[in-house]
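In UniProt numbering, the protein residues as written are 1 to 800.
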């Protein structure tokens, strides 16, 4: 989010030379504090507040003495909460003179005396004598600039004071392997300037800041998002993709990593048991040894991961504990760790991240009735494409909307719900800076209206001319209909009126292009939640309006009419797909009808496949495609059988090719193209994507039927590690697979799609290309990165 308006407001109250006034604050969209000290920002303010809120519709700031550590946070539309970092931090910089955290025990565990108390010790330093030293409650402080750090008077009559064990902040140094390093070093160990994480040049990569909101991928600072021994960065040298950075280790003990377990909890990162056998029965190699396998997962590189003996551990964020084996033929394997047998969604673990259980076959319910309180579908994506936080989790956002408190609201997993009768289903997000958002769901059409009015092309309004329509496209910025009531039924205030609410930002005079006529619902500020208005209720400044999305007259790319299973099964492995749930899937066949490769319909006349699938013949007449099929043989009666008229191989010999069909496919509910990605788009690391095909199932269930499998994308930097594909993967390719094996594309799947769900549609991100065997451990499949070839694809389709 841009904060131009906030900065302009703050600059009025700050002296020049202070830099960006928001550098010292963390912000959370959609959050508001319960505060007794709210005060609108005035010219008299010295601006040393603990937090403030920016109200975007009213365009003013409210300052407060509280923050989320000592006040309840609730969700509020169009409010951004800014909290001063120093009051949230539980670490110290230097000698901790500026420490304002809430540690209140000495290093020996003795409770601190309140600074304002005179017993058991009469203090030299008290709040009244030293008002600027943060001497609140009984928190550890350093009012006398002691070189040994924060301290406090103790509640032990025999010990006047003692020091506190406050860890160093990881801005000048790093604890452990630097997973939480937040400093500003931006050069590698050899002195190369780091590439910005937001940039894809000179190196395209999958560590996209918006997809990894918890990894603090800011500017071009060195970070460790993938479990390396220390922070690193992509470099600005085109010939060197990435390199480690030289970050010194902190001298104080690291913050506690939380409780440890003798059983499997979550990913097992805090497992400290003594299992030392892999799932195949191999004995684990000691972490401190380099035979039979050389590696860098050593106790020295990972000092906080308890790499003792040869016990199974998870030092680098794998899916479960693992180890290198003593078998020279098997480099590493996962271990079989007994489960702690507590539900990952149980309320006793609300302060720990929640691992989502495997997604079940969803009920097709892609719209909601009324305000969505009855919605029980499985959508878990917000209107801007963010993933939802599980309702039973308190990470990253603490809240009270839990299954225990709202037992009838259907608060299952991280599915979109409406427990508090808001205007539509919503959820807390997994982005720490965005507390909540409405979900990417449409309202179901009125039953009576849909029964009597089946929209035809002439009935559907044009996106270019929405003036006569009473529906909206996108976020409704162009909506010019005549709805004038909010979602809760309150009449709208006229945009030109100043009663009951005074406002000067959104008026017909200040916004002449926004259609602010009468009291009609509008979206002058491009609000992602759609049209809104100031209301006629003195108690409610504004609210949103219930404007439906305009109905499309045709099938959109990437939007199947049958909901896919999206099974996470362990194509090999996976599961049989719901018939016609992947309607872009093509069976590439010989002219005699034998299936040998897959393909993807990307336009009515065009199919994308792998170049190696066409090695048997350069004649288009040697091939044909089958569309709309679920069975490989004994084809359904309504499939489309179309011959190929032209072949186009990618000129740089990449494993990708275009087929032009002899006639356009008929787009139906069973035959729909997949969407192409933007040029050079990079799929974020660990994105869950889907492969489909009729390939070799290696004895698993479902031979002869279209199968699907869910696979995580693996960043090329990781995939090219020695133990995986050892540098074989090109920048024009991407990896996807379960490193444990068991799920993969295989012979017969080549040329088929790897699609990834983005906000509300499936995007074709990969063409199945090659692999070392099928579903082998540590050997993920490799796919041509479609986004790198979009200009070529579009050029061929335009000129042929």
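Virtual Cβ for every residue (Gly too), placed ideally from N, Cα, C.
Bear in mind the structure is a predicted one, so any value in this text is a computation, not a measurement.
Q) Given a threshold of 16 other Cβ atoms within 10 Å of its Cβ, counted over all protein chains shown, does residue 665 qualify as buried or as exposed? A) With 16 or more other Cβ atoms within 10 Å, it is buried.
Q: Decide if residue 174 is buried, meaning its Cβ has at least 16 other Cβ atoms within 10 Å, or exposed.
A: Answer is buried; the Cβ neighbour count reaches 16.
Q: Check whether the Cβ atoms of residue 680 and residue 787 sit closer than 7 Å, and answer yes or no.
A: Yes; because the gap between Cβ atoms is below 7 Å, this pair is in contact.
**Q.** Contact check, residue 802 vs residue 389, beta carbons under 7 Å
**A.** The chain is shown only over 1 to 800; residue 802 falls outside these bounds and no answer can be derived.
Q: Could you check the C-alpha separation between residue 189 and residue 235 for me, to the nearest Å?
A: Distance between residue 189 and residue 235, taken at the CA atoms: about 11 Å.
Q) Since residue 533 and residue 550 are thought to touch, with beta carbons under 8 Å apart, how far apart are those beta carbons, to the nearest angstrom? A) In fact, because the Cβ distance is near 20 Å, the residues do not count as touching under 8 Å.
Q: Please report the residue range of the beta strand (DSSP E) in which residue 64 lies.
A: Judged by DSSP secondary structure, residue 64 falls within the beta strand (DSSP E) whose first and last residues are 60-64.
Q.
Quick check on DSSP: helix, strand or coil for residue 32?
A. Per DSSP, reduced to three states, the secondary structure at residue 32 is strand.
Q) Can you tell me the Cα-Cα spacing of residue 493 and residue 524, whole angstroms? A) The alpha-carbon of residue 493 is positioned some 15 Å away from that of residue 524.
(Q) Out of 434, 750, 339, 401, which one is the CA nearest neighbour of residue 420? (A) Distances from the alpha-carbon of residue 420 to those of 434, 750, 339, 401 put 401 closest.
Q | beta strand (DSSP E) segment containing residue 807, residue limits | A | Given a span of 1 to 800 for the chain in the structure shown, any question on residue 807 remains unanswerable.
Q | Selection from 274, 202, 217, 253 that minimises the alpha carbon distance to residue 240 | A | Among 274, 202, 217, 253, the Cα nearest to that of residue 240 belongs to 202.
Q: Give me the Cα-Cα distance between residue 785 and residue 766, rounded to the nearest whole angstrom.
A: Taking the straight line joining both Cα atoms gives about 5 Å.
Q. Excluding five sequence neighbours on each side, which residues of the same chain lie with their C-beta closer than 7 Å to the C-beta of residue 719?
A. The beta carbon of residue 719 sits closer than 7 Å to the beta carbons of 725, 729, 735, 780 from its chain, once the five residues preceding and following it are set aside; these are given in chain order.
**Q.** Segment limits, beta strand (DSSP E) that includes residue 86
**A.** Judged by DSSP secondary structure, residue 86 falls outside any beta strand (DSSP E) and instead within the alpha helix (DSSP H) spanning 85-88.
Q) If you draw a straight line from the C-alpha of residue 769 to the C-alpha of residue 382, how long is it? A) If you take the alpha carbons of residue 769 and residue 382, they lie about 33 Å apart.
Q. Using the beta-carbon count (16 or more within 10 Å), is residue 297 buried or exposed?
A. With 16 or more Cβ atoms within 10 Å of its Cβ, residue 297 is classed as buried.
Q) If you run the structure through DSSP and keep just helix, strand and coil, what is residue 174? A) Of the three classes helix, strand and coil, the one that applies to residue 174 here is strand, per DSSP.
Q.
Can you tell me whether residue 411 is helix, strand or coil according to DSSP?
A. For residue 411, the three-state secondary structure derived from DSSP is coil.
(Q) Please classify residue 739 as buried or exposed, where buried requires at least 16 neighbouring CB atoms within 10 angstroms. (A) Flag for residue 739 reads buried.
Q: Take the Cβ of residue 504 as the centre, count every other Cβ of all protein chains shown within 10 Å, and call the residue buried at 16 or more, exposed below.
A: With fewer than 16 Cβ atoms within 10 Å of its Cβ, residue 504 is classed as exposed.
**Q.** Strand pairing of residue 288, partner residues [DSSP]
**A.** Bridge partners of residue 288: none, in fact.
Q. With respect to the beta strand (DSSP E) encompassing residue 309, which residues constitute its N-terminal and C-terminal limits?
A. Premise fails: residue 309 is in no beta strand (DSSP E) and is neither H nor E.
Q.
What does the Cβ neighbour count give for residue 111, buried or exposed, with the cut at 16 atoms within 10 Å?
A. Result: exposed.
Q) Does the beta-carbon distance from residue 595 to residue 589 come in below 7 Å? A) Yes, the Cβ-Cβ distance between residue 595 and residue 589 is below 7 Å.
Q | Secondary structure of residue 820, DSSP reduced to three states | A | The structure shown does not extend to residue 820, since the chain is modelled only from 1 to 800, so the question has no answer here.
Q: Please list, in chain order, all residues of the same chain as residue 265 whose beta carbon is under 6 Å from its beta carbon, the five residues on each side excluded.
A: Only 340 meet the Cβ criterion.
Q | Residues bridged to residue 125 (per DSSP) | A | Note: residue 125 sits in no beta bridge, so no partner.
Q: Please report the Cβ distance between residue 149 and residue 220, rounded to the nearest whole angstrom; I am assuming they are in contact, meaning their Cβ atoms lie under 8 Å.
A: In fact, because the Cβ distance is near 32 Å, the residues do not count as touching under 8 Å.
Q. Given a threshold of 16 other Cβ atoms within 10 Å of its Cβ, counted over all protein chains shown, does residue 116 qualify as buried or as exposed?
A. Looking at its Cβ environment, which holds fewer than 16 other Cβ atoms inside 10 Å, residue 116 is exposed.
(Q) Assuming residue 436 and residue 30 are in contact, meaning their beta carbons sit under 8 Å apart, how far apart are those beta carbons, in whole angstroms? (A) At roughly 5 Å, the Cβ-Cβ gap stays under 8 Å, so residue 436 and residue 30 are in contact.
**Q.** Beta-carbon gap between residue 749 and residue 795 smaller than 7 Å
**A.** In this structure, residue 795 does not lie closer than 7 Å to residue 749 by Cβ.
Q.
With three or more beta-carbon pairs closer than 8 Å as the criterion, would you say the stretch 267-277 touches the stretch 312-328?
A. Yes: at least three Cβ pairs fall under 8 Å.
Q. Taking DSSP as the reference, what is the three-state secondary structure of residue 795?
A. Three-state DSSP puts residue 795 in a helix.
Q. If residue 707 and residue 574 are in contact, beta carbons under 8 Å, what's the gap, nearest whole angstrom?
A. At roughly 5 Å, the Cβ-Cβ gap stays under 8 Å, so residue 707 and residue 574 are in contact.
(Q) If you reduce the DSSP assignment to three classes, tell me which class residue 379 lands in. (A) Here DSSP, grouped into helix, strand and coil, assigns residue 379 to coil.
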